[in-house]
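S.K.: Here you go, one structure.
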Amino acid sequence: MVQSTLFHGALRGADVPKRSSQFEGRFGRMFRSLPPAEFSAKDLQALAASDVMLSQPELSEDKQRPSATPENELDIEENFDIPAGYTYVGQFIDHDITFDPVSQLDRLNDPDALTDFRTPRLDLDSLYGRGPLDQPYLYDMGNPRRAAKFALGRPLTYGHHPSPAHDLPRLNGHAVIGDKRNDENVIISQFHGAMLKFHNAMVDALPAGTPFDKVAQQVRWHYQYAVINDFVRRICGDAVLEDVLPHFRRGRSIFDAPPRLHFYSWRNDAFMPIEFSAAAYRFGHSMVRPIYRLNKVLDLGGPAVGEEPALQGRHLIFAGVSARALNGFREFPAEWGIDWSLFFGVPDRRASHQGKSRVQPSYKIDASLVNPLGFLPEFSEQPSAEDRVTLENFQAKPVAGQRPNLALRNLMRGMAMGLPSGQDVARAMGLPAWDGQRLLIGKAAYEDGKLQAKRLDEVAPNLSRCTPLWAYVLAEATTQWHDEVTAAKLKPEAANQVGTRLGPVGARLVAETLVGLILADSHSFLAQDPNWVPTAGSARENFGFDSILQVAGLL
Numbered sequence: 019m020v021q022s023t024l025f026h027g028a029l030r031g032a033d034v035p036k037r038s039s040q041f042e043g044r045f046g047r048m049f050r051s052l053p054p055a056e057f058s059a060k061d062l063q064a065l066a067a068s069d070v071m072l073s074q075p076e077l078s079e080d081k082q083r084p085s086a087t088p089e090n091e092l093d094i095e096e097n098f099d100i101p102a103g104y105t106y107v108g109q110f111i112d113h114d115i116t117f118d119p120v121s122q123l124d125r126l127n128d129p130d131a132l133t134d135f136r137t138p139r140l141d142l143d144s145l146y147g148r149g150p151l152d153q154p155y156l157y158d159m160g161n162p163r164r165a166a167k168f169a170l171g172r173p174l175t176y177g178h179h180p181s182p183a184h185d186l187p188r189l190n191g192h193a194v195i196g197d198k199r200n201d202e203n204v205i206i207s208q209f210h211g212a213m214l215k216f217h218n219a220m221v222d223a224l225p226a227g228t229p230f231d232k233v234a235q236q237v238r239w240h241y242q243y244a245v246i247n248d249f250v251r252r253i254c255g256d257a258v259l260e261d262v263l264p265h266f267r268r269g270r271s272i273f274d275a276p277p278r279l280h281f282y283s284w285r286n287d288a289f290m291p292i293e294f295s296a297a298a299y300r301f302g303h304s305m306v307r308p309i310y311r312l313n314k315v316l317d318l319g320g321p322a323v324g325e326e327p328a329l330q331g332r333h334l335i336f337a338g339v340s341a342r343a344l345n346g347f348r349e350f351p352a353e354w355g356i357d358w359s360l361f362f363g364v365p366d367r368r369a370s371h372q373g374k375s376r377v378q379p380s381y382k383i384d385a386s387l388v389n390p391l392g393f394l395p396e397f398s399e400q401p402s403a404e405d406r407v408t409l410e411n412f413q414a415k416p417v418a419g420q421r422p423n424l425a426l427r428n429l430m431r432g433m434a435m436g437l438p439s440g441q442d443v444a445r446a447m448g449l450p451a452w453d454g455q456r457l458l459i460g461k462a463a464y465e466d467g468k469l470q471a472k473r474l475d476e477v478a479p480n481l482s483r484c485t486p487l488w489a490y491v492l493a494e495a496t497t498q499w500h501d502e503v504t505a506a507k508l509k510p511e512a513a514n515q516v517g518t519r520l521g522p523v524g525a526r527l528v529a530e531t532l533v534g535l536i537l538a539d540s541h542s543f544l545a546q547d548p549n550w551v552p553t554a555g556s557a558r559e560n561f562g563f564d565s566i567l568q569v570a571g572l573l
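One gets the working numbering by counting positions in the sequence shown from 1 and adding 18 to each.
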């Protein structure tokens, strides 16, 4: 019998389904009959290092200093349909459902033999850990009349001004949380903290005496609803979501309009498809911006220390200098509290009217990664302690023998996992299989009237007819954008303001997997009460991740 009390709740803080002592799942294949695609390492390296897939760093006019697009100017790579916060929502979701510390890039791995050290469910095990009974150090159980809350870390500020934000609990600088990966950068760290505060707010909102299990269930249901209705809808589009879940059209019942999962199926327990985890879901890497403003008050850097004015008050996502980058796994300055109104909301295309107060868009979902992702911190030397960004410390220095280029790591992982080609997956879905004459690699943008993306057969001709699935998903999104702006006969400036989303193959892989994981979970809202709508806050059917932040008191 599972123990459940007001203070502690069940093991892992939930109605515990049967699982191993490590609450782990398994990987598997969605398209088991498709052959693995084979590529030469030389071709993958050339594609990953090409100047269309890995953007060049932005520099000052005299090429002597790192720079960025000023906040009061339009950035051609911004995706006005998806605010920047959703990049890190996607990372949080990923850490909730996948963790593979075992597979290797340099040899073929059997997905059926790999353990997913996360449950393949959107059940927030990265947040709740093993629950208050087994990991009491994650929790604050000081109020005997209410369920356990999460312990929070030190208060954070907006550049010395008060803020509602808190850091994660830390011990010697290390975050004390259910999944250490959620401290990988300052933004995901503070989003994890926001989810802790959302749970705590739900404890306060529900009647006194509500058991921990019930609180955790409500938190999970609100989260699952936001994943479907907000995240999947933005990334995949209304048409794909409502084809997979027809009852999500207003006024329909799931019994009259049952789910349609054409490609993701399971027998007893759900599994994590490698086509999703090792390829399609890595689309989020293209959404990362090179630079972010955390709050409206910070004024560090800039001309006062010899930097470009465009960098003032903003942080690079990764860099070789810790004071000016959002590198994680450390205790960052307390003044770096995030004002989430800069990450969620409706981005304003009139950037000059908003300046540093505007909602920052994500970058477009396309076949291009920003330059800092070619120099990942965990495969590079420790950043310097300097207080300004220079040409010498802008890019982290790789450690000998490591592969710090994220694009190359993704391409190598796909081959090591034996993934099929993008064309084979498209054909298996009954979709046109686009080749290198059709697929575009690079930015979904025009600069000086010239399209920044190139045809794949011009960039990597050997990958033209057999394209790595990850590259195919990104190139498909770029090509879809180009088709749309061309059909609309938009001029380059107007075309740059058209957002991107996943294309036919990528959208179906992502939507079916995320929806399928929720459907397969017998404790999810779709399994227990499919017509349920969120009760926290006032958004109801329109509940999303901005609503979670509002309930948490952060937006």
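The beta-carbon is built from N, C-alpha and C at its ideal position, and this holds for glycine as well.
1. Give me, in chain order, the residues of the same chain whose beta-carbon lies closer than 6 Å to that of D475; leave out the 5 immediate sequence neighbours on both sides.
2. Could you pull the DSSP bridge partners for T175 from this structure?
3. So, is W499 buried or exposed, given that buried needs 16 or more other C-beta atoms within 10 angstroms?
4. Pick helix, strand or coil for I566, following the three-state DSSP scheme.
5. Cβ of L535 within 9 Å of Cβ of A385?
6. If you draw a straight line from the C-alpha of Y106 to the C-alpha of P479, how long is it?
7. Pull the bridge partners of W354 from the DSSP assignment, please.
8. Could you check if S556 is buried or exposed, using at least 16 other CB atoms within 10 Å of its CB as the buried criterion?
9. Can you give the Cα-Cα distance for F336 and R285, rounded to whole angstroms?
10. Using only the alpha-carbon positions, how far apart do T408 and D185 sit?
11. Rounded to a whole number of angstroms, what is the C-alpha to C-alpha distance between N549 and G191?
12. Going by CA-CA distance only, name the one from A212, S207, L279 and I272 that's closest to V258.
13. As an exercise, report each continuous alpha helix (DSSP H) stretch of at least 4 residues that is fully enclosed by the stretch 42-103, in chain order.
14. Taking the straight line between their C-alpha atoms, what separation do you get for P150 and F168?
15. If you check the beta carbons only, do E260 and R252 fall under 9 Å apart?
16. Decide if A59 is buried, meaning its Cβ has at least 16 other Cβ atoms within 10 Å, or exposed.
17. Where are the beta strand (DSSP E) runs, 3 residues long or more, that stay fully inside the stretch 346-427, in chain order?
18. Can you tell me whether DSSP reads F168 as helix, strand or coil?
19. Can you confirm whether the stretch 420-427 touches the stretch 358-365 when touching is taken to mean that 3 or more C-beta pairs between the two stretches lie within less than 8 Å?
20. Between the Cα of H240 and the Cα atoms of L544, F350 and L573, which residue gives the shortest distance?
21. Cα separation between P173 and A570?
22. Look at the alpha carbon of V443 and the alpha carbon of R348, and state the distance between them as a whole number of angstroms.
23. For R139, is the classification buried or exposed, using 16 other Cβ atoms within 10 angstroms of its Cβ as the cut-off for buried?
24. Tell me, please, whether the stretch 73-91 touches the stretch 366-381 by the rule of three or more beta-carbon pairs shorter than 8 Å.
25. Excluding the five sequence neighbours on either side, which residues of its own chain have a C-beta within less than 7 Å of the C-beta of R164, listed in chain order?
26. To which residues does DSSP link G460 through a beta bridge?
27. Which of helix, strand or coil does DSSP assign to N203?
28. Out of curiosity, what's the CA-to-CA distance linking V523 and C484?
29. Using only CA atoms, which one of L52, E326, G436 and L567 lies nearest to A446?
30. Which runs of the alpha helix (DSSP H) at least 4 residues long sit entirely within the stretch 430-515? Give them in chain order.
31. Taking DSSP's pairing of strands, which residues face V574 in a bridge?
32. How is the alpha helix (DSSP H) around D231 delimited, first residue to last?
33. Secondary structure at Y155, three-state DSSP: helix, strand or coil?
34. Quick one: what's got a C-beta closer than 6 Å to S85's C-beta in the same chain, skipping five residues either side?
35. Starting from the C-beta of V364, find all residues in its chain whose C-beta is less than 7 Å away, skip the five residues before and the five after it, and write them out in chain order.
36. Beta-carbon within less than 7 Å of T518's beta-carbon, same chain only, minus the 5 sequence neighbours each way: which residues are those?
M.R.: Working from what's here:
1. The beta carbon of D475 is closer than 6 Å to those of G454, Q455 and S482 in its chain, skipping five residues each way along the sequence.
2. P180
3. W499 should be labelled buried.
4. helix
5. no
6. 33 Å
7. Y176
8. exposed
9. 42 Å
10. 29 Å
11. 44 Å
12. L279
13. 59-67
14. Each residue's alpha carbon lies about 9 Å from the other.
15. no
16. exposed
17. 379-381
18. In the three-state reduction of the DSSP assignment, F168 falls in the strand class.
19. no
20. L544
21. 15 Å
22. 41 Å
23. R139 is classed as buried because its beta carbon has at least 16 other beta carbons within 10 Å across all chains shown.
24. yes
25. V221 and A226
26. Answer is A385.
27. Strand, per DSSP.
28. 15 Å
29. L52
30. 440-446, 474-477, 487-505 and 510-514
31. The displayed coordinates of the chain run from 19 to 573. Any statement about residue 574 would go beyond what the structure contains.
32. F230 to A244
33. helix
34. E76, L77, S78, E326 and A328
35. V377
36. N97, K382, I383, D384, A462, A495 and W499
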